[in-house]
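Please read the structure below before turning to the comments.
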Amino acid sequence: MADVLTTDEARVRWITLNRPETRNALTTQVNDAVRAAIDSAPGAGARVVVLTGAGGAFSSGLDLRVAAEEGMDPATIESRMRTHFHGLIRAVRACPLPTIAVVDGPAAGFGCDLALACDLRLVSDRARFGEIFVKRGLMPDGGGTWTLPRLIGLGRALELMLTGELVDAAEAHRIGLANRVFPAAQLESAAWDFARTLAAGPPLVHRAVKAAVEAASHSTLDEALEGEVRGQLKLLASADFQEGIVAFLEKRPPAFKGE
Numbered sequence: 003m004a005d006v007l008t009t010d011e012a013r014v015r016w017i018t019l020n021r022p023e024t025r026n027a028l029t030t031q032v033n034d035a036v037r038a039a040i041d042s043a044p045g046a047g048a049r050v051v052v053l054t055g056a057g058g059a060f061s062s063g064l065d066l067r068v069a070a071e072e073g074m075d076p077a078t079i080e081s082r083m084r085t086h087f088h089g090l091i092r093a094v095r096a097c098p099l100p101t102i103a104v105v106d107g108p109a110a111g112f113g114c115d116l117a118l119a120c121d122l123r124l125v126s127d128r129a130r131f132g133e134i135f136v137k138r139g140l141m142p143d144g145g146g147t148w149t150l151p152r153l154i155g156l157g158r159a160l161e162l163m164l165t166g167e168l169v170d171a172a173e174a175h176r177i178g179l180a181n182r183v184f185p186a187a188q189l190e191s192a193a194w195d196f197a198r199t200l201a202a203g204p205p206l207v208h209r210a211v212k213a214a215v216e217a218a219s220h221s222t223l224d225e226a227l228e229g230e231v232r233g234q235l236k237l238l239a240s241a242d243f244q245e246g247i248v249a250f251l252e253k254r255p256p257a258f259k260g261e
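If you count the sequence shown from 1, you need to add 2 to reach the numbering used here.
Structure representation (structure tokens):
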């Protein structure tokens, strides 16, 4: 069976890391397959992208055995990092669709950074997050130094990166790392329900909100307000806005088409 599985249903692209025997450790080939699945999602009609792992784990990070076979000299390591690992993180961040990490079990090292790169994190009560690089004499290398402080604040993020401490599901939810926590047996069905509901929403709005929030992270308040004006004017001219108004007046759920 393939190391990466892709399912399209109800305008949701569901991507599964399928290497349970390694706790879904990541290789260049796996990363490239996930990236391709993300990049092709909008063209396939998806409105939401979900990334999860098989077998009770999200991802344990880099597959060291495969990496050693590929080569551990500085040039190979740099190429692997820039092209295949950072390329995946950039693809997640650049995806115009809402991205959801569905985390059951460990998300460690680069696996943690991959979950952090997603817009939302739905987790099981046995999920664990860990920036464990420090325990191997390394620093985060999957964008964690950028994403983690933005999610939970500078001081707490530094603590987790400097100690390599694992954060359980309850603590992850308390500090804002996880959006919602479900019993492990209910995680997949709950995540599907959430993703389907999100996919039924207005896709133009989702794209506009994502773009505005991303731009606001490195802009002034005035620039952010101006961005909201531009975005709102475009949405006011959309067919989806008209559908939203009519549906409200007719007391029925709106049927958004992304137009």
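We put the beta carbon where it would ideally sit given N, CA and C, even for glycine.
Predicted, not measured: the structure shown is a model, and the values here were computed from it.
Fill in: Entirely enclosed alpha helix (DSSP H) segments - the segment 128 to 199, minimum 4 residues
As far as the segment 128 to 199 is concerned, its whole alpha helix (DSSP H) runs of at least 4 residues are 146 to 154, 156 to 165 and 171 to 176.
Item to complete: Please go through the same chain and pick out, in chain order, the residues whose beta-carbon is closer than 6 Å to the beta-carbon of LEU168, but skip the five residues on each side of it.
Response: Against the sequence shown, residue 168 aligns to sequence position 166. Closer than 6 Å at the Cβ level, and outside the excluded window around LEU168, lie ARG130 and GLY132.
Worksheet item: Tell me the DSSP bridge mates of THR9?
Response: Stepping through the sequence shown from its first residue, residue 9 is reached at position 7. Note: THR9 sits in a beta bridge opposite TRP16.
Worksheet item: What is the DSSP secondary structure of THR264, counted as helix, strand or coil?
Response: Lying before the first or after the last residue shown, residue 264 is absent from the chain, which here runs from 3 to 261.
Worksheet item: Just to confirm, are LEU118 and THR147 a CB contact at a threshold of 8 Å?
Response: For the purposes of this step, residue 118 is identified with residue 116 of the sequence shown, where counting begins at 1. For the purposes of this step, residue 147 is identified with residue 145 of the sequence shown, where counting begins at 1. In this structure, THR147 does not lie closer than 8 Å to LEU118 by Cβ.
Worksheet item: Could you check where the beta strand (DSSP E) with LEU28 kicks off and where it finishes?
Response: Sequence index remark: in the sequence shown, residue 28 carries index 26 (1-based). Element bounds for LEU28: n/a, residue is neither H nor E.
Worksheet item: What three-state label does DSSP hand SER240 in the structure shown?
Response: Taking the first residue of the sequence shown as position 1, residue 240 is located at position 238. In this structure, SER240 counts as coil in the three-state DSSP scheme.
Fill in: Per DSSP, cross-strand counterpart(s) of PRO108
One-based indexing of the sequence shown puts residue 108 at position 106. Beta-bridge pairing links PRO108 to ARG130.
Item to complete: Locate the beta strand (DSSP E) running through GLY73, then write down its first and last residues.
Response: Position 71 of the sequence shown, counting from 1, holds the residue named residue 73. It is not in any beta strand (DSSP E) - GLY73 carries neither H nor E in the DSSP assignment.
Worksheet item: From ILE79 to ILE154, what does the alpha carbon distance come to, in whole angstroms?
Response: Residue numbering aside, residue 79 sits at position 77 when the sequence shown is read from its first letter. Residue numbering aside, residue 154 sits at position 152 when the sequence shown is read from its first letter. Their backbone Cα atoms lie some 30 Å apart in a straight line.
Worksheet item: Between which two residues does the alpha helix (DSSP H) carrying GLY89 extend?
Response: As a working mapping, residue 89 is identified with position 87 in the sequence shown. Segment 88 to 96, the alpha helix (DSSP H) holding GLY89.
Item to complete: Indicate whether ASN181 and ARG128 have their beta-carbon atoms separated by less than 8 Å.
Response: Working through the sequence shown from its first residue, we reach residue 181 at position 179. Working through the sequence shown from its first residue, we reach residue 128 at position 126. No, the Cβ-Cβ distance between ASN181 and ARG128 is not below 8 Å.
Fill in: Paired residues, beta bridge with ILE102 - DSSP
Locating residue 102 in the sequence shown gives position 100, where the first residue counts as 1. Paired residues: VAL52 and LEU122.
Worksheet item: Which class does SER81 belong to by DSSP, given the choice of helix, strand or coil?
Response: By 1-based counting over the sequence shown, the position of residue 81 is 79. In the structure shown, SER81 sits in a helix (DSSP, three-state: H, G or I).
Practice prompt. On the DSSP bridge assignment, give the partners of SER61 in chain order.
Written response: As a position in the sequence shown, residue 61 is number 59, starting the count at 1. ALA109, per the DSSP bridge assignment.
Item to complete: Pick helix, strand or coil for THR228, following the three-state DSSP scheme.
Response: Locating residue 228 in the sequence shown gives position 226, counting from the first residue. Note on identity: in this sequence residue 228 is Glu, with Thr being the wrong assignment. Helix at GLU228.
Item to complete: Within 10 angstroms of the Cβ of HIS220, are there 16 or more other Cβ atoms? Answer buried if so, exposed if not.
Response: For the purposes of this step, residue 220 is taken as the residue at position 218 of the sequence shown. With a threshold of 16 other beta carbon atoms within 10 Å, HIS220 falls short and is exposed.
Fill in: Spatial distance of PRO185 from GLU228 (CA atoms)
Residue 185 sits at position 183 when you count from the first residue of the sequence shown. Residue 228 sits at position 226 when you count from the first residue of the sequence shown. Across the structure, PRO185 and GLU228 are spaced so that their CA atoms are roughly 42 Å apart.
Worksheet item: Looking only at C-alpha atoms, which of GLY57, ARG82 and ILE17 sits nearest to GLN31?
Response: Within the sequence shown, the letter at position 29 stands for residue 31. When each option's Cα is compared against that of GLN31, the closest is ARG82.
Practice prompt. State the CB to CB distance for the pair GLY107 and LEU64, rounded to an integer number of angstroms; the pair is presumed to be in contact (CB under 8 Å).
Written response: Translated into the one-based positions of the sequence shown, residue 107 becomes position 105. Translated into the one-based positions of the sequence shown, residue 64 becomes position 62. Not quite, the Cβ-Cβ distance comes to about 17 Å (not below 8 Å), so this is no contact.
Worksheet item: Mind checking ALA193: buried by the 16 CB within 10 Å criterion, or exposed?
Response: Numbered from its first residue, the sequence shown carries residue 193 at position 191. The residue in question, ALA193, is buried, as its Cβ has 16 or more Cβ neighbours within 10 Å.
Worksheet item: In this structure, does DSSP put ARG37 in helix, strand or coil?
Response: Translated into the one-based positions of the sequence shown, residue 37 becomes position 35. Note: ARG37 maps to helix in three-state DSSP.
Worksheet item: Is VAL50 closer than 8 Å to LEU200 when the C-beta atoms are compared?
Response: Start at 1 with the first residue of the sequence shown, and residue 200 comes out as number 198. Start at 1 with the first residue of the sequence shown, and residue 50 comes out as number 48. Cβ distance < 8 Å, so LEU200 and VAL50 count as in contact.
Item to complete: Please look up how many angstroms separate the CB atoms of ARG37 and LEU90, rounded, as I've assumed it's under 8 Å.
Response: Working through the sequence shown from its first residue, we reach residue 37 at position 35. Working through the sequence shown from its first residue, we reach residue 90 at position 88. About 5 Å separates the beta carbons of ARG37 and LEU90, which is inside the 8 Å limit, making them a contact pair.
Worksheet item: Is PRO256 helix, strand or coil by DSSP?
Response: On the sequence shown, residue 256 is found 254 positions in, with the first residue counted as 1. Of the three classes helix, strand and coil, the one that applies to PRO256 here is coil, per DSSP.
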